[in-house]
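Chemist:
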Amino acid sequence: MTKKQSLATASVKETLAAATHKPLIELLAVPEVAIIKDVRTSYAYDDKTNERTETIVKQTVTAIVGTTIDDAEQITFDYIGTPIIDDNLTAIIGQRVQLKQVSFGLIANMVNRRFVGYNATGFKLIVDEMIPVPKPQPQK
6 MTKKQSLATA SVKETLAAAT HKPLIELLAV PEVAIIKDVR TSYAYDDKTN ERTETIVKQT
66 VTAIVGTTID DAEQITFDYI GTPIIDDNLT AIIGQRVQLK QVSFGLIANM VNRRFVGYNA
126 TGFKLIVDEM IPVPKPQPQK
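Numbering (this note's numbering), first residue to last: 6 to 145.
Okay, structure coming up:
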């Protein structure tokens, strides 16, 4: 069995070539549980007035994953599920969540807000659902 590749360092060309035989979820290392560290909200803009609306487009979440301090890693993913309202942001920071319904995207290269292509390495993790997970109880 081949080792799963990191989301940040996986070669797009090689991974997509291998994806003809296997689904991407079997080729890329996707964490099951994460501890939320930060949430940033992106809002839609009105095309006519160029003003921000109250519509949430996505939320970018920074989280810590791993089972020990040695394999701990920081990841960033886009959360497109039910928006986390500002009142709940402080409650979710530091909470353990299970990542459900994940998909992947290519990382775009942007220069002055203009698209100039995709990165040759790395995939963007897109999460549709996060489920709170209770903290594990220490063994006695």
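Quick reminder that beta carbons are idealized off the backbone N, C-alpha and C, glycines included.
1) When you compare each of Asn124, Ser108, Val107, Phe109 to methionine 115 by their alpha carbons, which one comes out closest?
2) Within 10 angstroms of the Cβ of valine 132, are there 16 or more other Cβ atoms? Answer buried if so, exposed if not.
3) Which residue marks the beginning of the alpha helix (DSSP H) containing aspartate 91, and which one marks its end?
4) I need the boundaries of the beta strand (DSSP E) containing valine 17, first residue and last residue.
5) Return the chain-ordered list of same chain residues with a C-beta closer than 6 angstroms to the C-beta of glycine 86, the five sequence neighbours on each side being excluded.
6) Do the stretch 134 to 145 and the stretch 99 to 106 touch if we need at least three Cβ pairs shorter than 8 angstroms?
7) Less than 8 angstroms between C-beta atoms, sequence neighbours within five positions excluded: which residues of the same chain meet that for methionine 6?
8) Rounded to whole angstroms, what is the Cα-Cα separation between aspartate 75 and valine 35?
9) Quick one: residues in its chain with C-beta nearer than 7 angstroms to the C-beta of leucine 32, no 5 flanking neighbours on either side, listed in chain order?
10) Please classify alanine 39 as buried or exposed, where buried requires at least 16 neighbouring CB atoms within 10 angstroms.
11) Does DSSP classify methionine 6 as helix, strand or coil?
12) With DSSP run on the structure shown, which of helix, strand or coil describes isoleucine 30?
Modeler: For this structure:
1) By 1-based counting over the sequence shown, the position of residue 115 is 110. Checking every option, the nearest Cα to that of methionine 115 belongs to Asn124.
2) Translated into positions along the sequence shown, residue 132 becomes position 127. Buried: at least 16 other Cβ atoms inside 10 Å.
3) As a first step, residue 91 must be located in the sequence shown, where it is residue number 86. Where aspartate 91 is concerned, the enclosing alpha helix (DSSP H) stretches over 91 to 97.
4) Walking along the sequence shown from the start, residue 17 turns up at place 12. Per DSSP, valine 17 lies in no beta strand (DSSP E) segment; the continuous alpha helix (DSSP H) that holds it begins and ends at 17 to 23.
5) Counting from one through the sequence shown, the residue named residue 86 turns up at place 81. Cβ neighbours of glycine 86 beyond the five flanking positions: Asp133, Glu134.
6) These segments touch.
7) Counted from its first residue, the sequence shown places residue 6 at position 1. Only weak support is given to the placement of methionine 6: the predicted model assigns it a pLDDT of 43, under 50, and the question is left unresolved by the model.
8) Taking the first residue of the sequence shown as 1, we reach residue 75 at position 70. Taking the first residue of the sequence shown as 1, we reach residue 35 at position 30. Distance from the CA atom of aspartate 75 to the CA atom of valine 35, rounded to whole angstroms, is 18 angstroms.
9) As a first step, residue 32 is located in the sequence shown; it is residue number 27 there, counting from the start. Within the same chain, Lys9, Gln10, Thr20, Ala23, Ala24 come within 7 angstroms of leucine 32 by CB-CB distance, once the 5 residues on both sides are set aside.
10) Numbered from its first residue, the sequence shown carries residue 39 at position 34. Per the 10 Å Cβ criterion, buried.
11) The count along the sequence shown starts at 1 and reaches residue 6 at position 1. Unreliable positioning characterises methionine 6 in this predicted model, as indicated by a pLDDT of 43, which lies under 50. A coordinate reading is not provided.
12) Counted from its first residue, the sequence shown places residue 30 at position 25. Here DSSP, grouped into helix, strand and coil, assigns isoleucine 30 to helix.
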